[in-house]
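Chains A and B supply the protein sequences, listed in that same order.
Counted the way the working numbering counts, the first sequence spans residues 1 to 205.
Counted the way the working numbering counts, the second sequence spans residues 206 to 410.
What follows is a single structure, written as structure tokens, with notes after it.
2 protein chains.
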Amino acid sequence: MRISELSRQSGVPIATIKYYLREGLLQPGRATAATQAEYDEAHLRRLRLVRALIGVRGLSVSATREVLGAVSAHQGEQHQVLGLVLGARPVGEGEEPPAVPGGADVDALVAELGWDVSPHAPARAVLAETLETLRSLGEPIDWHTLLPYAELAERTAVLDLDQIHPSDDLLAQAERALLLTVLMEPALLALRRLAQENESARRNA
Amino acid sequence: MRISELSRQSGVPIATIKYYLREGLLQPGRATAATQAEYDEAHLRRLRLVRALIGVRGLSVSATREVLGAVSAHQGEQHQVLGLVLGARPVGEGEEPPAVPGGADVDALVAELGWDVSPHAPARAVLAETLETLRSLGEPIDWHTLLPYAELAERTAVLDLDQIHPSDDLLAQAERALLLTVLMEPALLALRRLAQENESARRNA
Chain A
1 MRISELSRQS GVPIATIKYY LREGLLQPGR ATAATQAEYD EAHLRRLRLV
51 RALIGVRGLS VSATREVLGA VSAHQGEQHQ VLGLVLGARP VGEGEEPPAV
101 PGGADVDALV AELGWDVSPH APARAVLAET LETLRSLGEP IDWHTLLPYA
151 ELAERTAVLD LDQIHPSDDL LAQAERALLL TVLMEPALLA LRRLAQENES
201 ARRNA
Chain B
206 MRISELSRQS GVPIATIKYY LREGLLQPGR ATAATQAEYD EAHLRRLRLV
256 RALIGVRGLS VSATREVLGA VSAHQGEQHQ VLGLVLGARP VGEGEEPPAV
306 PGGADVDALV AELGWDVSPH APARAVLAET LETLRSLGEP IDWHTLLPYA
356 ELAERTAVLD LDQIHPSDDL LAQAERALLL TVLMEPALLA LRRLAQENES
406 ARRNA
């Protein structure tokens, strides 16, 4: 397909596609004339993934380039590719993650749940920070409080991964996982708010 | 207690407490001398609620004043007070909420779940916007997709409301509900991310 069709199918403006080509985020098309090139499904899948990493995950161009490089190095490895695209695993995993206040509590929670997760996962720091913040406000909370919430998160994750079709191309799976994971976040929080209102009505009936 | 003790117990600086007094967010203490006043547990509870509405929910002073006024008008009514403090119900409910794209889908979802929730709940607009955004990105999603997530939200809401102790003063319950609801949001999203990573590892083992 020509660049205009690539733009139409991806929803990315032609000028932006050309920018991504110059930045090396998208591989060049097959040159058919001095100023024309042909693009195919592989270009479209890669472009959609770039659009998701930059537009939905909010990555810079250079961070996106790093993620795409790491993804290429893990071709065919679904778990690694999903982790890189979703930001659960960093591009370079050489160093120990820095110790954070409350980090030991999160380690204990993860161990109790038996979860196989990276020590670098940014989500761990978010959990540690939440526990610390609530404690600083005088809330009697420790990691045990999070256990039943974590069990519900396990069921949510099963629903999430069931939305990914293993027959799709791996880049397409990863792009879809990123969209569904990030864009569903406000919706999941909204469902909880409505459910709280309903439960409160039920208890006060 | 004197204002210095009120400040120590609430974590709110004295200058801020005086500001809240001038703005009418906090009721005056009992004057014991020309420039001294005594405060009690009721002041502390009110101050903590103001701190949560402004600091955690991010309300302006005038919006906080409106919520507190409505809360006073619904004394002893747990469901109404929780709704006002959490922002599930607006202070004035006179008008019909504006129709939003995707709103009918949310109405259908709420009806299917049998949830007793306000038509004004901001969470409804968030759900509608999510459905529209995902559809505009080509995702084959409609409100039925949200049903199993909503059922998990119901269980989350039971955990949430179980954290509120009915024996506490109602303002203290509402402040605690606000803190736990808002501050747990990043933690719940983080638990989902970790659970996804674990589930992916499990499926790719």
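For glycine and all other residues, C-beta sits at the position ideal for the given N, C-alpha and C.
| Query | Result |
| --- | --- |
| Which word fits I219 of chain B, buried or exposed, when buried means at least 16 other C-beta atoms lie within 10 angstroms of its C-beta? | exposed |
| Kindly confirm or deny that the segment 281-290 of chain B and the segment 373-384 of chain B touch, where touching means at least three C-beta pairs closer than 8 Å. | yes |
| Hey, how far is the Cα of A63 of chain A from the Cα of G69 of chain A? | 10 Å |
| Output, in chain order, the set of chain B residues within a Cβ distance shorter than 8 Å of P148 of chain A. | L364 |
| Answer with yes or no whether the minimum CB distance from R57 of chain A to chain B is below 8 Å. | no |
| What in chain A is Cβ-close to D347 of chain B, meaning under 8 Å? | Residues of chain A passing the Cβ test: none, with the nearest at roughly 13 Å. |
| Does D312 of chain B get closer than 8 Å to chain A when you measure Cβ to Cβ? | no |
| For G319 of chain B, tell me which candidate among B:A333, B:E359, B:E344 and B:M206 has the shortest Cα-Cα distance. | B:E359 |
| Between the segment 115-132 of chain A and the segment 386-403 of chain B, can you find at least three pairs of beta-carbon atoms closer than 8 Å? | yes |
| DSSP three-state call for R48 of chain A: helix, strand or coil? | helix |
| Using 10 angstroms around the beta-carbon of D105 of chain A, count the other beta-carbons present and answer buried if the total reaches 16, otherwise exposed. | buried |
| Where do the N-terminal and C-terminal ends of the alpha helix (DSSP H) with R360 of chain B fall, by residue? | L352 to D367 |
| Where does Q36 of chain A fall in DSSP's three states? | strand |
| Can you name the start and end residues of the alpha helix (DSSP H) that D310 of chain B belongs to? | G308 to L318 |
| Closer than 7 Å by beta-carbon distance: list the chain A residues that pair up with H284 of chain B, in chain order. | S200, A201 and N204 |
| With a threshold of 8 Å between beta carbons, is D169 of chain A in contact with chain B? | no |
| Check the Cβ-Cβ distances between S212 of chain B and every residue of chain A, and say whether any is below 8 Å. | no |
| With 8 Å as the threshold, decide whether the Cβ of L191 of chain A is near any Cβ in chain B. | yes |
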